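Here UniProt numbering is used: the first residue of the sequence shown is 1, the next is one more, and so on. Ideal placement from N, C-alpha and C gives every residue a C-beta, glycine not left out. These figures come from a predicted structure and were not determined experimentally. Below is one structure, written out as structure tokens, with a few remarks after it.
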Amino acid sequence: MTSDTAPSASPSPGPEPVSVPSPAPRLGAGPLGIGLRSLAAIAILVVANLAVVPFTAVLSAVPGLRELGSELSWATLGIYACLGSVMWGTAVLLAWLWVRFVERRRLADIGLRFTPSSALWLLLATLAAMGVVLGTAAVLPSTGPAPSPEQVAEQGPFLMVLLMMLIPAFLVQGFPEELLFRGMLLSAMRSRPVLAVAVATLSFTIIHLVSNGWQQTLGDRFLFLVMPFGFSLFATALLVWTRSLWAAVGVHGGMHLGTNFSQLLPPTDPALSWTVAGVVFAVLGVAILAVLLKRGRGIPDGAERWR
């Protein structure tokens with residue numbers, strides 16, 4: 001016995017969703033575009049540093065505040081944190097303007113997003129960078145005894161001293177500089193990873209010619225570049241490996257923290273320890289990048305691939 005019931009018609013499929021391609025950047029990938037992007041990253045960093053000048057001028061003009069800045073206190077920490085926030089905010093604002101209107105992308109596309117794993121990568125990369133700096137300082141020949149507990153205590157309460165190290169390491173230097181060079185600049189050339197690594201690393205290294213440290217001669221200034229060159233490569237390697245900009249921030253901040261904590265160890269020749277640590281960073285960075293790039297693991301190219 002057959003049924004007179006007609007088979008039900010299957011629902012007609014709806015229209016296929018149309019994917020809208022991302023708008024092309026206003027700058028090309030040629031030498032001009034690369035050069036302008038490098039100059040933009042450097043210029044934003046310079047402007048961010050200059051943004052605090054009016055505030056420091058006001059603080060210097062007020063007698064009570066001028067004396068306050070010469071001693072470690074909670075008020076001093078608050079002032080430094082506010083100044084660091086001005087620089088941080090300026091860098092983020094200018095980076096957003098560049099990414100939005102020149103690259104036609106979002107800050108999330110260059111790595112500025114926080115996920116559950118971001119804090120982990122930040123912490124692990126910080127510890128890794130500290131380990132390189134402290135390990136180098138520990139194995140090099142010392143030039144004298146380690147500071148005594150009394151000398152260490154003279155620096156102030158541990159929490160205050162730690163915060164005074166964290167503010168410049170991350171708020172003033174680590175985060176803004178990594179956002180610009182390992183985020184904005186590196187990701188803009190993500191289709192050519194080797195070139196991107198080279199340009200971002202060299203641009204970041206060059207700005208440190210004007211950094212102040214142990215340099216006394218012109219040769220010292222160029223020798224000083226070994227460290228930023230090295231940890232720039234290491235930061236890039238961890239970024240590519242972890243897919244997290246926060247790993248690069250951790251390397252940057254960890255380098256500064258390691259340098260500060262190395263003062264608890266027997267002193268070494270500053271130029272030697274600085275240079276050797278930079279070489280170690282460079283070797284590790286190149287080795288990791290070589291393996292990753294050979295396996296086809298390039299630079300993250302969108303928010304969905306950042307962690």
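About 15 angstroms separates the Cβ atoms of A277 and A125, ruling out a contact at the 8 angstroms cut-off. For the 7 angstroms CB-CB criterion, T205 and F222 do not form a contact. Around the beta carbon of L32, fewer than 16 other beta carbons lie within 10 angstroms, which makes this residue exposed. By the 16-neighbour rule on beta-carbons within 10 angstroms, S191 is exposed. The C-alpha of A48 is placed about 7 angstroms away from the C-alpha of W88. Contact check for L180 against A41 passes: the beta carbons are separated by less than 7 angstroms. Pairing I167 with G253 gives a Cβ-Cβ distance that is not under 7 angstroms. When only Cα atoms are considered, F175 and V291 end up about 26 angstroms apart. Going by beta carbons, L257 and A146 fall outside the 7 angstroms limit. The C-alpha of R104 lies about 14 angstroms from the C-alpha of L94. Looking from the CA of M165, the closest CA among L107, Q263, G131 belongs to Q263. Under the three-state reduction of DSSP, T268 is assigned to strand. Between S273 and the set G213, A235, V86, the nearest pair of CA atoms involves G213. In the DSSP assignment, L185 falls outside any alpha helix (DSSP H) and carries neither an H nor an E.
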